[in-house]
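As structure tokens, the structure follows; a few thoughts come after it.
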Amino acid sequence: MGLADLFVDIFDPLVAYPTEQRAAKVPHAPKRPCPLSRDEKMMAVRNALRYVPKKHHELLAKEFAEELEQYGHIYAFRFMPHFDLRAPPLSEIPAKSQQAAAIILMILNNLDPEVAQFPQELVTYGGNGQVFSNWIQFRLVLRYLAQMTSKQTLVLYSGHPLGLFPSHADAPRVTITNGMITIMNAGRRYLGVDELAGKVFVTAGLGGMSGAQPKAATIAGCISVTAEVCADALLKRYKQGWLDEYSSDLSEIVNLIRKYRKEKKTRSIGYLGNIVDLWERLAAEPDHLVDLGSDQTSLHNPFLGGYYPVGISVEEANTMMTSEPERFKKLVQSSLLRHIAAIDTLAARGMHFWDYGNAFLVECQRAGANMRHPKAKDDKTFRYPSYMQDIMGDIFSMGFGPFRWVCTSQKPEDLQQTDNIACEVIQELMKNKVPEHVKQQYFDNKKWIEGAAENRLVVGSQARILYSDQEGRIAIALAFNEAVKNGRVSAPIVLSRDHHDVSGTDSPFRETSNIMDGSALTADMAVQNVIGDSFRGATWVSLHNGGGVGWGDVINGGFGMLLDGSEVRNLDHPHVHPYRDVFESTMLMTETFRKQHDVHQECFSGTSRMGWRDVVGQEMTRHGRLLYEHKRR
């Protein structure tokens, strides 16, 4: 079995059931509740059969109905590949369009067992964040992508491939809709220090996204203790080197904290157990052992595996959440009350706690805890701040946000070259006359990227993330494109942005929680970003509901762009600099729009450090094309 098998016709002949692969030792999603009537279950099976030729309906209707009863969802496991998925080099992917091949690479990486939380259930992170609803959708989308040309666009509705539609070379190859932290800065903000040696950070979650917490703490130089109830998730991070050590013994955990505090040694510790037990033990200790605290359990999905109540095993919880959902809900809410009570005790002694925006404080309030700030004038201002309000808000309002890239060759040496290029660009940017608070961000970025390889950050594809502002993103992207063109990097590079973006996300409990003029409850930024990126040259655009915070509480707008080193044509306006080609124009338009869109919103709402007139003037001065167009009008 190999890559080519992913693109075969799955119905003629009908593919065999992957019995051996289903037996593979990977973490599995808990059974979902299935409160459907008989008619609704029949409809669910009929809906899944819409993809299937009629000659197979009798066999597959039975399989799908059995899956619905056994798992609470139709995954169509028969169509799951017979081997683990990995992101291959771009050159090995059989597609007519290089852009489409890059999208295939990104999909496969999301389902890599080293990356995905529950790979066989298509869940990449967050407990219920599926790449597709079922494996038939996965197979069909890959076939469409392999067959499409640069004059077509694939439209996806919540994983469903609506079809290939005529477009043009500069249009997105895919449009997607779905159902509709920085610890160092916490130290600066709360503790008034630039070095975190000897400081202790306690949190929970080692899953698909939260698993980065101990690595982040190590890079920041502190001692971290991260609780995780799932042994598979904890061991995955330990084997990756993101956890230095772990224990299920609370006394041992406390002794390790005391030891490393005394030695001022950077160390990441995993606690295999429930976070409530950990917080209560730390609160009961006579000495104050914790400086910083947070939480990254998946409380956007509290009653279906996102949060495990104290006092029962993971296995018992997985059974109870579907067999006795009301009892399970009561146990979760009881645990949350104990959870926040222990945090309150430690906060009263001087620990600084912040909410990651994962709905922790929201669910504590729903459980019955009084979480509102004494001076709150609304129902989203809590006693503990969101890290967006206290830590990341200023950074976002300056235009800095996560900038991601993937080397499609899958060669570590190419990733190292991109690190070097990014470092060179940052070095040049630091020579510019910029405000001190911006210069500090550049300094942090340079430190991060210089240590990236040593910190072993790669899981799955050869990818990197760097916080950068608009000027940095454009400069780095142009340098990457030039490196692909001249061979310094051996294959195209994908840029990707979606959740937790400066202007790609509207989320009143996280990304936009620091916007105080009432507009935080709207979803204008994310939607406008997707629309704007789509006609400014993005390779794909996506609009999601619920990412990281929960259904109905967030809209995320994302895009991806393939940098292939191409020089297409010079723009023919005499006032345009002659070296600007269509790629640079695309990069300039997309990043200028995306970054300044958010900064303008932050300014208008009174949140940003910069006035909106300053922002507009700065951009016009920096880019002669904008200034010319303004004067012409």
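For the sequence shown, the residue numbers in UniProt numbering are 1 to 633.
Ideal placement from N, C-alpha and C gives every residue a C-beta, glycine not left out.
Predicted model, so just to flag it, every value in this text is computed and none were measured.
Distances from the CA of I74 to each of E316, R261, R46 and Q470 were compared; the closest alpha carbon is that of R46.
Look at L36 here: in three-state DSSP terms it is coil, with no helix or strand label. In the DSSP assignment, A477 falls within the unbroken alpha helix (DSSP H) covering Q470 to N486.
In the three-state scheme derived from DSSP, where H, G and I count as helix and E and B as strand, L68 is classed as helix. The straight-line gap separating the alpha-carbon atoms of M430 and N445 is approximately 11 angstroms. Two segments are said to touch when three or more pairs of C-beta atoms, one from each, lie closer than 8 angstroms; by this definition the segment 77 to 96 touches the segment 400 to 417. In this structure R22 is in contact with F77, their Cβ atoms being roughly 6 angstroms apart against a cut-off of 8 angstroms.
It is roughly 13 angstroms from the alpha-carbon of V8 to the alpha-carbon of M80. When DSSP states are grouped into helix, strand and coil, E263 belongs to the helix group. The beta carbon of L3 lies closer than 8 angstroms to those of P88, E92, I93 and P94 in the same chain, with the five residues before and after it left out. Cβ neighbours of F403 within its own chain (closer than 8 angstroms, five residues either side excluded): I465, L466, Y467, S468, G472, R473, I476, L495 and R497. Exposure of R456 is indicated by the presence of fewer than 16 other C-beta atoms within 10 angstroms of its C-beta. Cβ neighbours of G305 within its own chain (closer than 6 angstroms, five residues either side excluded): P30 and G127.
Taking C-beta separations shorter than 8 angstroms and ignoring five residues to either side along the sequence, the partners of S248 in its chain run Y271, L272 and G273, following chain order. CA-CA distance, E20 to L60, rounds to 19 angstroms.
A distance below 8 angstroms between beta-carbons, with the five flanking residues on each side excluded, links Q417 to the following residues of its chain, in chain order: A483, R488 and V489. In the three-state reduction of the DSSP assignment, V276 falls in the helix class. The residues V254, in chain order, have a CB closer than 8 angstroms to that of E285 in the same chain once the five nearest residues on each side in sequence are set aside. If you look at M80, you'll find it isn't in any alpha helix (DSSP H); DSSP assigns it neither H nor E.
Three or more beta-carbon pairs separated by less than 8 angstroms are not found between the segment 232 to 248 and the segment 144 to 156, which leaves the two stretches without contact. DSSP lists no bridge partner for E315. Beta-bridge analysis with DSSP links R372 to F382. For D355, the secondary structure class from DSSP, reduced to helix, strand or coil, is strand. Under the DSSP assignment, L156 falls in the beta strand (DSSP E) whose first and last residues are Q152 to Y157. Under DSSP, A204 takes part in a beta bridge, and its partners are A227. According to DSSP, residue pairing for C222 in a beta bridge does not occur. Within the DSSP secondary-structure output, C407 pairs in a beta bridge with I493. Leaving aside the five residues that flank Q147 on each side, the residues in its chain whose CB is nearer than 7 angstroms to its CB run, in chain order, K96. The three-state secondary structure of T297, taken from DSSP, is coil. Where I74 is concerned, there is no enclosing beta strand (DSSP E), because DSSP gives it neither an H nor an E.
Contact between the segment 348 to 364 and the segment 378 to 386 is established, with three or more Cβ pairs separated by less than 8 angstroms.
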